[in-house]
Amino acid sequence: MQTDRQEATLSVAEARHRAAALTVHRYDVDLDLTGLLDGPVLHSRSTVSFTARHPGEATFIDVIADTADAWLDGVALAPGAFDGERLHLPPLDGEHRLEVAATMTRTGQRAGIHRTVDSGDGEGDVYVWTSFEPDDARRVFACFDQPDLKAVFAFTVHAPHAWSVVSNSAAASCTDAGTTRTWVFEDTPRLSPYVTAVCAGPFHEVRRSVDGYELRLLSRRSLASHLDEQAGELFDLTGRGLRFFNDRFASPFPQRTYTQVFCPDFPGAAMENWGCVAWSDRYLHRTVPTAAERYDRAVVLLHEMAHQWFGDLVTLRWWDDLWLNESFADWAALWAAEQATAYTGAWRWFLGSRKEDGYTEDAGPGTHPIHQDIATAADAKAAFDMITYGKGASLLRQLAEYVGEAAFVAGLARYFADHAYGNATLTDLLAAVGGAAGRDLSGWADGWLRTAGTDVLTVACETGPDGRYREVAVTTTPPPDRPARRVHRLTAGVYDLRDDRPVRRHRLPVETTAATQPIAGLAGQPAADLILINDDDLTFARVRPDAASLKLLLGHGRHLPGADSRALTRIILWHLLEDGLLAPADLIGYAAGALPLETDPIVRDDLLRTSVAVAVDWAGPAVEAREHLGAACLALAGRAGDAAARTAGLQAAIALATTADRLAELDGPVGDSIDLRWRWLTRLAAVGRHDPAAVERQLRRDPDPDAIHSALTVRAASPEPAAKEEVWRAVFGERRVPPSALRPIGRAFWDPAHADVLRPYPDRFLGELASLGASHLSVTLAVVRHLFPRHGVDAGFPARAAAAAGRPGMPPMAAKNLQARAAVLVRMLRARAQA
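Our numbering puts the last residue of the sequence shown at 850; the count rises by one with no breaks.
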């Protein structure tokens, strides 16, 4: 794996200086994509109109290219002005026009622009997409690549005749000249460079008009049948989202086109480009999705739509306020999902996904305040984490509870009106919301946004000899190394056991204005069997039950009447396991008893995911625990009339199987399901029964153009040293595995039964990471999260991994996530010793 040269990165000081010195009016960007049909060559010409406000001061424009020629006000700049990454301009004053003609050949790295060949349709279709956050627009055209230098953009794109091209705005014209077609797009409003986009290729397209908007969905041709089948739901969600946000934000999305492009090899989930959202096409379901997968796609769709306001219309000034984009987009998506769509359990889904990851990261060495200092654009990549997304959205839900939803939404409408097509900061947002609520939010912000760490909530009860409460109080304990005063608005559920089932007696609101806050209304009442703090999951805190409450949750939590309460029980048990206060067998035993009873699909899917992860990665070589849980999963799969439960149960049972005999029992239930058959073949390989002929038959049978990655996952699962090496070379040497395929490959590769074969790979993994420097932030994130060693490690590996994070040249995002994964591995190893 070749090491990429360390690139220049814009510092916050440079950005502030340049923003003070320049006003950028417009970009006319001409892109020639014709060289990408058969090769890697991109030509761009960027014409920039700007005003220099500091007489006699030099500046620079960003462009990463093989070659760049430039003309300032019609006069050619000296060749030495371009250093490969920056074009240095002479001292300037007043109005100027700069033209930069550049050639790029680094178009296959999933950074800035990516060219990919789809062999799934048998014709080798070529597709091109761009994705620029945080500072990758400079890889495609010369620009002042920072969020607070907004301008109007006008794109002209030359592409092969058979291609379609889409961009942020509608096409004003499309003309043919031989084998080339030229697309001219309408001017955009004032945007930051990182939310502009161009996608091109022989796309399959579906259109629909909704409420005056022209909605468009595009995918590669080999996925046309899937797009056609799923377009109805996607259009329905898009229309509902636009209607909801237009109304609630009092600032309707202003252009008539809204395009969503499902792109091959796209890193991450999606990107919020103005009016032209780019998706990973793994979100076009190839098989029947689980409930969690359906929720995931709906929330991502609404998240990217919310960005049209949070990030595109009003943009952070610098990356220290990334939460103004991501936390708000997550909160708004969940809010819209519950109020405007059929996905009424969105916040419950969120608890088991992003919020759970936010809890884990906030407890690790990389914890940071929501509002954080970002020194450079490269450091900004490391800020895209689940503290920003998961914790951040949770805090906004808490803020809405604190000031009231009506005041919160009114403040957001004021924020959009005041800062439309401009940039804003935390101070601006707090002023708008605080003004609408009539409250000073500076103290709230200090505790929640400017201080890292998670509070622990406990309940203290004083009961008299008559069995009645004298006092019940909630105690809030912040991390000792990060003391902070945070006010929690939450609910307390008061439960009595009746016929061995908890029945809620009261749902009481609590606001923790003191470190120990009495719960009003309980004094003098008969003592309850359980007081469940944060019962509706309104705040961000770890709930620590006492011994009696924990015993009740383990024995009866599965019978709690509310789905939110059962979801909270799972996360409480998971946190106790993470903190070394609960044995893996206890959580597995709870799950095995709860799964056959669980009726909520989100709670069920989260419980399956958690318990399987505990059995495989946290419980050590305890095969008995895996078999016990696997039997419960099979029972779940046999639930009559519930296809989703059957699929979810079989997925888990396959993942837990440790013998060829158990897999033989599962062969019949798997049947002709393509997805389940791939999972079954993967586990068969893991137990030493790799069947190449069966894999080839499955490849011929599977219409998914990415089925080759499923076959590679089967290979990764094999305990044969040659198989592990082959997969390692494909990922790190040849870089031919897209980020979307790394999760299943990593899970298969690091099998707990293959420890002896895996021993050389953990330290090899550390050696590969420095070469990720130029990769898209989602590529780096996927590599570290999904390929980090979990098995075949010695006791000293976590320390070596943490030390590797500090090596010179380690990309900031890789370093941060490496430390986080090492901290989780320490907890895993402790749990395995406890099992």
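For each residue, glycine too, the CB sits at the ideal point set by N, CA and C.
- [ ] Mind checking which residues open and close the beta strand (DSSP E) that includes residue 438?
- [x] 437 to 439
Open item on the list: Within the continuous beta strand (DSSP E) that includes residue 548, where are the two ends?
Closed with: 545 to 548
Open item on the list: Count Cβ pairs between the stretch 465 to 484 and the stretch 301 to 319 that sit closer than 8 Å; are there 3 or more?
Closed with: Between the stretch 465 to 484 and the stretch 301 to 319 there are fewer than three inter-stretch CB-CB distances shorter than 8 Å, so the stretches are not counted as touching.
Open item on the list: For residue 172 and residue 187, which I take to be in contact (beta-carbon distance under 8 Å), what is that distance rounded to the nearest angstrom?
Closed with: Taking 8 Å as the upper bound for CB-CB distance, residue 172 and residue 187 are not in contact here, some 12 Å apart.
Open item on the list: Starting from residue 161, trace the alpha helix (DSSP H) in both directions and tell me its first and last residue.
Closed with: Taken as a continuous stretch (DSSP letters only), residue 161 belongs to no alpha helix (DSSP H), as it is neither H nor E.
Task: Beta-carbon contacts of residue 290 that lie in its chain and below 7 Å, excluding the five residues immediately before and after - done: 183, 184, 270, 272, 273, 274
TODO: Give the secondary structure of residue 583 by DSSP, where H, G and I count as helix, E and B as strand, and everything else as coil.
DONE: helix
Task: In DSSP terms, what residue 558 is bridged to - done: 472
Open item on the list: Could you tell me the alpha carbon to alpha carbon distance between residue 17 and residue 786, rounded to whole angstroms?
Closed with: No answer about residue 17 holds up, because its pLDDT of 30 lies below 50 and its placement is not dependable.
Task: For residue 97, the nearest candidate out of 80, 318, 43 (CA to CA) - done: When 80, 318, 43 are compared, the shortest CA-CA separation from residue 97 is found for 80.
Open item on the list: Between 703, 717, 725, 830, which has its C-alpha nearest residue 772's C-alpha?
Closed with: 703
Task: Close-in-space but distant-in-sequence residues of the same chain around residue 769 (CB under 6 Å, 5 per side omitted) - done: 734
TODO: May I have the straight-line CA-CA distance separating residue 128 from residue 139, to the nearest angstrom?
DONE: 19 Å
Task: Among 506, 189, 842, the one whose alpha carbon lies nearest that of residue 546 - done: With distances taken between Cα atoms, residue 546 lies closest to 506.
Open item on the list: Quick check on the burial criterion: 16 or more other C-beta atoms within 10 angstroms. Buried or exposed for residue 483?
Closed with: exposed
Open item on the list: Taking 8 Å as the cut-off, does the stretch 476 to 492 touch the stretch 399 to 407 (at least 3 CB pairs, one atom from each stretch)?
Closed with: no
Task: Three-way DSSP call (helix, strand, coil) for residue 392 in this model - done: helix
Open item on the list: Please report the distance separating the alpha-carbon of residue 544 from that of residue 356.
Closed with: 37 Å
Task: When 179, 314, 523, 475 are compared against residue 492, the one with the closest alpha-carbon - done: 475
Task: Residues of its chain near residue 343, where Cβ-Cβ distance is below 6 Å and the 5 sequence neighbours each way are ignored - done: 325
- [ ] Compute every distance between the C-beta of residue 722 and the non-hydrogen atoms of the ligand ATP, then say whether any falls below 7 Å.
- [x] The ligand ATP is not part of the structure shown, which contains no ligands of any sort.
Open item on the list: So for residue 651, helix, strand or coil by DSSP?
Closed with: helix
Task: Residues of its chain near residue 20, where Cβ-Cβ distance is below 6 Å and the 5 sequence neighbours each way are ignored - done: Any answer about residue 20 is weak, because its pLDDT of 47 lies below 50 and its placement is not dependable; what the coordinates show is given next. Correct list: empty, nothing qualifies.
Task: Burial state of residue 730, where buried means 16 or more other Cβ atoms lie within 10 Å - done: buried
Open item on the list: Since residue 777 and residue 807 should fall inside the 8 Å C-beta cutoff, what is the C-beta to C-beta distance between them, to a whole number of angstroms?
Closed with: 6 Å
TODO: Please name the residue in 403, 782, 207 whose C-alpha comes closest to that of residue 376.
DONE: 403
TODO: Check whether the Cβ atoms of residue 627 and residue 675 sit closer than 8 Å, and answer yes or no.
DONE: Against a cut-off of 8 Å, the Cβ pair of residue 675 and residue 627 comes out as no contact.
TODO: Please list, in chain order, all residues of the same chain as residue 48 whose beta carbon is under 7 Å from its beta carbon, the five residues on each side excluded.
DONE: 57, 143, 172, 173, 174, 215
- [ ] Could you tell me the distance, in whole angstroms, from the CA atom of residue 278 to the CA atom of residue 288?
- [x] 13 Å
Open item on the list: As an exercise, report each continuous alpha helix (DSSP H) stretch of at least 4 residues that is fully enclosed by the stretch 766 to 790, in chain order.
Closed with: 770 to 773, 776 to 783
Task: contact_flag[the stretch 201 to 210, the stretch 151 to 170] where n(CB pairs < 8 Å) is 3 or more - done: Between the stretch 201 to 210 and the stretch 151 to 170, the count of C-beta pairs closer than 8 Å reaches three or more; the two stretches touch.
Task: Start-to-end residues for the alpha helix (DSSP H) that takes in residue 320 - done: 306 to 321
Task: Nearest-angstrom Cβ-Cβ length linking residue 44 and residue 218, presumed shorter than 8 Å - done: Not confirmed; about 21 Å, so no contact.
Task: Spatial distance of residue 646 from residue 609 (CA atoms) - done: 13 Å
Open item on the list: Please report the distance separating the alpha-carbon of residue 592 from that of residue 599.
Closed with: 7 Å
Open item on the list: Quick check for students: name the residue ranges of the beta strand (DSSP E) that lie wholly in the stretch 483 to 548, counting only runs of 3 or more.
Closed with: 484 to 492, 504 to 513, 516 to 526, 531 to 533, 545 to 548
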